[in-house]
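Residue numbers (the UniProt record's numbering), protein chains in the order written: chain A, 1 to 324; chain B, 1 to 131.
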């Protein structure tokens, strides 16, 4: 159906529909009929590529981030039997790389290559009115397209925006090897900027309220955790990688090889790393999605998740009990 | 992200001059690490004025060149200085001056081991707080 790269895809688990968006500026909603998936075109009214898409928690809307510096909120109009796109045109200074729905189905957070993260209201009378009574401390004017908050934490491109399961925390990454955590978005936001040693991340996943897994250019998922005081920090890499006798972490190993000549030292030939390491991913991991959650009375924890990357691989991970 | 010009150029220049005097005194006392910390404090100056940035660079450069023992530098330099030091190392490497480049490369190797590639990334990605 699409003519160009499919840049985003999301599957709604309750209503069993798949939405795809592409650089061809179109979007399709796919429904399953018997063994076939039947596409329905959605007119987004974009003049640039669509970059990302996500179903809202109630699956009655989906949001599309685009290279036209806009976000399209699409909902289904029963009378006309089609999907309508309402566009948020204001505010973004550059491409919208990532969108994330708050559990309340109204607030949408966006991340952009202008480095900023913003939260908007996507309230649509016909769709959301019946749910609004349940909204905790909702701002008085929740008009569609109103910007609720803007975060200027990053000086470089922002990606990988996600809310924690309760919606209490918002996290995203910058292209400068930083990850940002924002708590209490509605009331009194407080932000933490965590710098880490290694290469930038591209996407993240909340395993639970206090555990986040980030994936990116190191090809090895990183675990971030919040301690009892609520301070976030890097915990460890998920995969065990073999280290050489000089015991440098994986990425520094590669660095030393390449920089060996530059520094005027000659490192003795290191083993063929790809053979001995058997790493799950060999190139940048661009996407991480949850597969199976465990819901207990106290919290929601994701036990299984999968990652995909530029190496063309899809890897399924299971978290051991101790991780949580 | 833009920032307001926090101080005017004169104020910045006089601050840098104060720093320079403090650094000379610390170097006379054989405290090169303290000198470097002093130089890196308040760096880079919050301004778009290139003359201020250059003046600050001269001061930082003096402190960088005075470092003799790179290993001991990192055992006492706080991690909060890593990112800004990395930016100045790249400015040093860009001068092409042989002694400066040798020294910056020596420190760059150890700083990268200590702070990781993320530190290099942050010095490259930040187009706002440039040195």
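For each residue, glycine too, the CB sits at the ideal point set by N, CA and C.
Buried versus exposed, by CB contacts within 10 Å (16 or more), residue 126 of chain B:
buried
Review point. Distance, Cα to Cα, residue 217 of chain A vs residue 71 of chain B?
Key: Taking the straight line from one Cα to the other gives about 29 Å.
If you follow the beta strand (DSSP E) that residue 191 of chain A is part of, which residue opens it and which one closes it?
-> 190-195
- Item | Close Cβ partners of residue 115 of chain B (< 8 Å) along its chain, the five nearest in sequence each way excluded | For residue 115 of chain B, where only same-chain residues beyond five positions count, the Cβ hits under 8 Å are 79, 82, 83 and 86.
Any beta carbon from chain B within less than 8 Å of residue 310 of chain A's own beta carbon? no
Q: Give the C-beta separation of residue 6 of chain A and residue 17 of chain A to the nearest angstrom, bearing in mind that I take them to be a contact with Cβ-Cβ under 8 Å.
A: Actually they are not in contact, since the Cβ atoms of residue 6 of chain A and residue 17 of chain A sit about 16 Å apart, beyond 8 Å.
_Distance check for residue 319 of chain A and residue 74 of chain A, CA to CA, integer angstroms please._
So the two alpha carbons sit approximately 35 Å from each other.
DSSP three-state assignment for residue 61 of chain A, whether helix, strand or coil = Looking at residue 61 of chain A - three-state DSSP - the assignment turns out to be strand.
Do you know how far the Cα of residue 67 of chain A is from the Cα of residue 51 of chain A?
7 Å
In the DSSP output, which residue or residues are listed as bridge partners for residue 185 of chain A?
In the DSSP output, where bridge partners are listed per residue, residue 185 of chain A has none listed.
Q.
According to DSSP, is residue 265 of chain A part of a helix, a strand, or is it coil?
A. Only weak support exists for where residue 265 of chain A lies, its pLDDT of 41 falling under 50; the coordinates are left without a value.
Looking at the secondary structure, which residues open and close the beta strand (DSSP E) in which residue 302 of chain A lies?
300-309
Quiz prompt | Residue burial classification, residue 291 of chain A (beta-carbon count within 10 angstroms, cutoff 16) | solution = exposed
Cross-chain neighbours of residue 283 of chain A in chain B, by beta carbon under 8 Å: Within chain B, no residue comes near residue 283 of chain A; the closest Cβ sits about 16 Å away, beyond 8 Å.
* **Any chain A beta carbon closer than 8 Å to residue 121 of chain B** => By the rule that beta-carbons nearer than 8 Å mark a contact, residue 121 of chain B touches chain A.
* Does the beta-carbon of residue 93 of chain A have 16 or more other beta-carbons within 10 angstroms, so that it is buried, or is it exposed? -> exposed
For residue 176 of chain A, which residues in chain B fall below 7 Å Cβ to Cβ?
One finds 121, 122, 125 and 126 in chain B with Cβ atoms closer than 7 Å to the Cβ of residue 176 of chain A, taken in chain order.
| query | In its own chain, which residues sit with a C-beta less than 7 Å from the C-beta of residue 35 of chain B, not counting the 5 before and 5 after it? | reply | Within the same chain, residue 35 of chain B has close Cβ partners 23, 26, 27, 63 and 66.
Near residue 144 of chain A, what residues of its chain come up, given a Cβ to Cβ distance below 7 Å and the 5 sequence neighbours on each side ignored?
86, 121, 122, 123 and 124
Review point. In this structure, does DSSP put residue 30 of chain B in helix, strand or coil?
Key: coil
**Message:** Looking at chain B, is there any beta carbon in it that lies within less than 8 Å of the beta carbon of residue 253 of chain A?
**Reply:** For residue 253 of chain A, the predicted model reports a pLDDT of 44, less than 50, meaning its position is unreliable and no value from the coordinates is stated.
Chain B partners of residue 198 of chain A, CB-CB under 8 Å?
-> Those within 8 Å of residue 198 of chain A in chain B are 116, 117 and 118.
Please classify residue 81 of chain A as buried or exposed, where buried requires at least 16 other C-beta atoms within 10 Å of its C-beta. exposed
Mind the definition here: the stretch 95-103 of chain B touches the stretch 152-172 of chain A only if three or more C-beta pairs lie below 8 Å; say whether that holds.
no
* When the cut-off is 8 Å and only beta carbons count, does residue 155 of chain A lie next to chain B? -> For residue 155 of chain A, the answer is yes, since a Cβ of chain B falls inside 8 Å of its Cβ.
Can you tell which of A:108, A:37 and A:70 has its C-alpha closest to the C-alpha of residue 149 of chain A? A:108
Taking DSSP's pairing of strands, which residues face residue 40 of chain A in a bridge? A:29
| message | For the alpha helix (DSSP H) containing residue 99 of chain B, name the first residue and the last one. | response | Where residue 99 of chain B is concerned, the enclosing alpha helix (DSSP H) stretches over 98-115.
### Query
Shortest alpha-carbon distance to residue 79 of chain A belongs to which of A:37, A:45 and A:126?
A:126
Residues within the stretch 194-224 of chain A neighbouring chain B, beta-carbon criterion of under 7 Å: Residues of the stretch 194-224 of chain A with a Cβ closer than 7 Å to any Cβ of chain B, in chain order: 195, 196, 197, 198, 199 and 200.
_Less than 8 Å between CB atoms is the rule here; does residue 87 of chain B satisfy it with respect to chain A?_
no
Please state whether DSSP places residue 258 of chain A in a helix, a strand or coil.
Low local confidence applies: a pLDDT of 47 at residue 258 of chain A is under 50, so the model's placement there is unreliable, with the coordinate-based value given in what follows. Helix at residue 258 of chain A.
| Given a threshold of 16 other Cβ atoms within 10 Å of its Cβ, counted over all protein chains shown, does residue 129 of chain A qualify as buried or as exposed? | exposed
*In the DSSP assignment, what residue or residues form a beta bridge with residue 76 of chain A?*
A:83
Identify the continuous alpha helix (DSSP H) that holds residue 58 of chain B and give its terminal residues. Annotation: the continuous alpha helix (DSSP H) that includes residue 58 of chain B extends over 50-65.
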